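**Student:** Using this note's numbering, the first residue of the first sequence is number 95, and each one after it goes up by one.
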Amino acid sequence: MLDIALIRNKTDWVKEQIAKLHDEGALERIDSIVALDAQRRETRTRVETAQAARNKLNRAMGKLRGNKTMPAEEKAYRARLAAAALGGEDYDRASRLMDGAEPAVNEEPADFGAAFDELIGQLRKMGDGIEKGFDQIDSIEAELQEHMLWLPNLPHSSVPVAESEEDNIPGPMQGTLREFDFEPKPHWELGPALDIIDFERGVKVAGSRYYTLKGWGARLQRALISFFLDMARENGYREVYVPYIVHSDMLVGAGQFPKFQDTVFGIADEDKYLLPTAEVAITNLHRDEIFEEADLPRQYVAHSPCFRSEKTSAGRDVRGIKRVHQFEKVEMFKFTTPETSYDELETITAQAEAICAALEIPYRRLEIVTGDLGFSATKKYDIEMWSPGCEEWLEVSSCSNTESFQARRAMLRYYPSGTRKTRYLHTLNGSGLATPRVMIAIMENYQRADGSIEIPAALRSYLGGAEIID
RNA sequence: GGAGAGGUGGCCGAGUGGUUUAAGGCGAUGGUCUUGAAAACCAUUGUACGGUUCUCCGUACCGCAGGUUCGAAUCCUGUCCUCUCCGCCA
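(1) By the DSSP assignment, the alpha helix (DSSP H) with HIS281 in it spans what residues?
(2) For TYR457, list the residues DSSP reports as bridge partners.
(3) Could you have a look at ASP292 and say whether DSSP puts it in helix, strand or coil?
(4) In the segment 303 to 357, which residue ranges form an unbroken alpha helix (DSSP H) of at least 4 residues, counting only runs that do not cross its ends?
(5) How long is the line joining the alpha carbons of ALA535 and SER320, rounded to whole angstroms?
(6) By how many angstroms is the C-alpha of ARG218 removed from the C-alpha of VAL253?
(7) Rounded to the nearest angstrom, what separates GLY265 and GLU259 at their Cα positions?
(8) Kindly confirm or deny that the segment 469 to 486 and the segment 358 to 365 touch, where touching means at least three C-beta pairs closer than 8 Å.
(9) Please state whether DSSP places HIS380 in a helix, a strand or coil.
(10) Grab me the residues of LEU439's own chain with a C-beta within less than 7 Å of its C-beta, minus the 5 sequence neighbours each way, in chain order.
(11) List the residues that DSSP assigns as beta-bridge partners of ARG507.
(12) Who are the Cβ neighbours of GLU538 in its own chain at under 8 Å, not counting the five residues just before and after it?
(13) So, under 8 Å CB-CB, VAL334 and VAL463 are touching, yes? Tell me the CB distance rounded to an integer number of Å.
(14) So what does DSSP say about LEU488, is it helix, strand or coil?
(15) How should LYS428 be labelled, buried or exposed, when 16 other C-beta atoms within 10 angstroms of its C-beta is the threshold for buried?
(16) Apply the 10 Å Cβ neighbour rule to LEU100 and answer buried if 16 or more other Cβ atoms are within range, or exposed otherwise.
(17) Beta-carbon separation of LEU557 and ALA317 under 9 Å?
(18) Between GLN355 and LYS308, what straight-line distance do the alpha-carbon atoms span, to the nearest angstrom?
(19) Who are the Cβ neighbours of GLU240 in its own chain at under 6 Å, not counting the five residues just before and after it?
(20) If you run the structure through DSSP and keep just helix, strand and coil, what is HIS241?
(21) Cα-Cα, which of ILE231, LEU248 and LEU175 is closest to LEU115?
(22) Closest to ALA326 by CA distance: which of LEU180, SER470, LYS423 and ILE563 is it?
(23) Please work out which residues of its chain come closer than 8 Å, Cβ to Cβ, to GLY296, disregarding the five sequence neighbours upstream and downstream, and give them in chain order.
(24) With DSSP as the reference, identify every bridge partner of ALA528, one or two as the case may be.
(25) Start and end of the beta strand (DSSP E) containing ILE395?
(26) Less than 9 Å between the C-beta atoms of SER525 and ILE477, yes or no?
(27) At the level of alpha carbons, what is the spacing between GLY311 and ILE290?
(28) Could you please give the first and the last residue of the uninterrupted alpha helix (DSSP H) stretch that includes TYR185?
(29) Looking at VAL340 and ALA375, is the spacing between their C-beta atoms short of 9 Å?
(30) Under three-state DSSP, which class holds SER251?
(31) From the DSSP output, which residues share a beta bridge with ASN523?
(32) Taking the alpha helix (DSSP H) that LEU100 belongs to, which residues open and close that run?
(33) Considering only residues of the same chain and omitting the five flanking positions on each side of ASP373, which have a CB-CB separation below 7 Å?
(34) Whole angstroms is fine: what's the gap from THR377's alpha carbon to ILE234's?
(35) To the nearest angstrom, report how far apart LEU245 and ALA451 are at their CA atoms.
(36) Any idea if SER491 is buried or exposed, counting beta-carbon neighbours within 10 angstroms, 16 or more meaning buried?
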């Protein structure tokens, strides 16, 4: 979520930033937001002033009713005078009459019951108006909030401005391309031939875009997960195990909802959803909490399966296991101060790259342009591995700084050293890494002429020292 | 899944409809005292929004959401969570 004060004070600048993202729907919301914000503040001031008067009157009422030394007769005529003052909207005088601050002269005898009925009637009338005012505020704020939740994060000034993913800027390839003395095969041929990927039986059990790993396939994936977690732990991340099912609020907090509701799987009859990424659970781990600056940065790593329904991408990448509804990912996550978040983005990206390097697979870093930045990030790098079989670059990691975008949605704050004034912290996330795409890259880069696959040296200790899958 | 008991500030804990601040304690912070520390004493104490501007003022928040009432931490309804016991399971 963006800072409403920023939208209020620099409206045109915010519009320019959103224009770079090519999110026309969001752009249209800005004027509504500015209008609702003004309306909201004006209404709130008016209603709260009235409420302050009413609170004072109710307290004075208690004082009048509960006064044990005042004769009933005096109470009655004070009540009647106060009711008259309320009729003239002189709240201060009414309050003074009721709590005894203003002397009252008994002009004529008043009936106790009738006087209090009259007074209560005045107070009720006042209360009804205030209730209506609060209802009005609620509906304005709900509408404002809905608009706010649909606004994407704004790009950092260093992000190149361009149309789409076609324009993302690749960095130089790292590592060395393998020279094959045979035609390298794609993983959808290698996997079934070795009986380590079984497409048909995955489809039988769960439908299209589901798959089964068998034998060395399943073991290789498990080894990769352990290897990834160990790499992250050595880099100072605390390993956590999180729920794979979360409340819808958590998806709002991390930025998936409301806009991307159709990309996640829901639990029947419950307001809960399967994780599309462990990032959702980790982001919300410290929801509604306030850190001390000394506690930052806080770094976590978690492995989780990721479930994505992605109805929008039907028809793309249908072959193989590149784009599937269920995959495994190890996610690195940082809670940082605003001062350090961009340095930390470089760090987390370098850490993801180091994993690629350790596996000795050619990779490159992609600098993401504004048109492909996505909803939550201010700046993003993707890491891609080269797959010689399907002859394409495979995205195996995505590293983002969301600044305070998620922090505002999930109420993640900290006290800067020496102050008691809260401030939103910054959150960053980076895959480290995701499989089965890394498995694709391993299979295709490490394949041998006879169809067997060499196991990368870094993984052998996780597989009982084995060197070859055949 | 069934039954019962609970949910109050950073923590413990009082509070069965009002008589201007959620009592009291712990912790934390600041101060006095002290050579220093401890102890003692004094003061302060959360979050959000709004209005002011360098300081205040106001509103809301007693798990959450509704309701009753002139007025709700307190009464009513729903819901979530925790604990205990039973059942089931890994």
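Backbone N, C-alpha and C define an ideal beta-carbon position, used for all residues, glycine too.
Values in this document were obtained by computation on a predicted structure and should not be read as measured data.
**Tutor:** Taking the geometry as given:
(1) First-last of the alpha helix (DSSP H) with HIS281: 281 to 288.
(2) TYR457 pairs with GLN268 and MET479.
(3) ASP292: strand per DSSP, three-state reduction.
(4) Runs of the alpha helix (DSSP H) inside the segment 303 to 357: 310 to 328 and 342 to 348.
(5) The straight-line gap from Cα to Cα measures roughly 18 Å.
(6) VAL253 and ARG218: Cα-Cα distance of roughly 58 Å.
(7) C-alpha separation (whole angstroms): 14 Å.
(8) The segment 469 to 486 makes no contact with the segment 358 to 365; the number of CB pairs closer than 8 Å stays below 3.
(9) Note: HIS380 maps to helix in three-state DSSP.
(10) The answer, listed in chain order, is LYS473, CYS493, ASN495 and LEU522.
(11) Bridge partners of ARG507: ILE384 and TYR518.
(12) The residues are PRO278, LYS279, PRO280, HIS281, LEU284, SER481, PRO482, GLY483 and CYS484.
(13) Not quite, the Cβ-Cβ distance comes to about 33 Å (not below 8 Å), so this is no contact.
(14) Here LEU488 carries a strand assignment [DSSP, helix/strand/coil].
(15) Here LYS428 is buried. Its C-beta has 16 or more other C-beta atoms within 10 Å.
(16) Its Cβ having fewer than 16 others within 10 Å, LEU100 is exposed.
(17) In contact: LEU557 and ALA317 (Cβ atoms closer than 9 Å).
(18) Each residue's Cα considered, the two are about 32 Å apart.
(19) Residues of the same chain with a CB within less than 6 Å of the CB of GLU240, apart from the 5 flanking positions on each side, do not exist.
(20) Three-state result, HIS241: helix.
(21) Minimum Cα distance to LEU115 is reached at LEU248.
(22) Ranking LEU180, SER470, LYS423 and ILE563 by Cα distance to ALA326 puts LYS423 first.
(23) Annotation for GLY296: TYR304, TYR305 and THR306 place their beta carbon closer than 8 Å to its own, counting only its chain and skipping 5 residues before and after.
(24) DSSP lists LYS423 as partners of ALA528.
(25) In the sequence under discussion, the amino acid at residue 395 is Val, which differs from the Ile named in the question. It spans 392 to 401 - the beta strand (DSSP E) in which VAL395 sits, taken as one unbroken run.
(26) Yes, the Cβ-Cβ distance between SER525 and ILE477 is below 9 Å.
(27) Distance between the alpha carbons of GLY311 and ILE290 is about 4 Å.
(28) Here the alpha helix (DSSP H) through TYR185 covers 185 to 193.
(29) Going by C-beta atoms, ALA375 is nearer than 9 Å to VAL340.
(30) Three-state DSSP puts SER251 in coil, outside helix and strand.
(31) In DSSP, ASN523 forms a bridge with PHE427 and SER494.
(32) In this chain, the alpha helix (DSSP H) harbouring LEU100 covers 98 to 103.
(33) Contrary to the premise, residue 373 reads as Glu rather than Asp in this sequence. Excluding sequence neighbours, GLU373 sits near ALA348, GLU425, PHE427 and ASN523.
(34) Answer to the nearest angstrom: the Cα atoms are 28 Å apart.
(35) ALA451 has its alpha-carbon roughly 37 Å from the corresponding atom of LEU245.
(36) Per the 10 Å Cβ criterion, buried.
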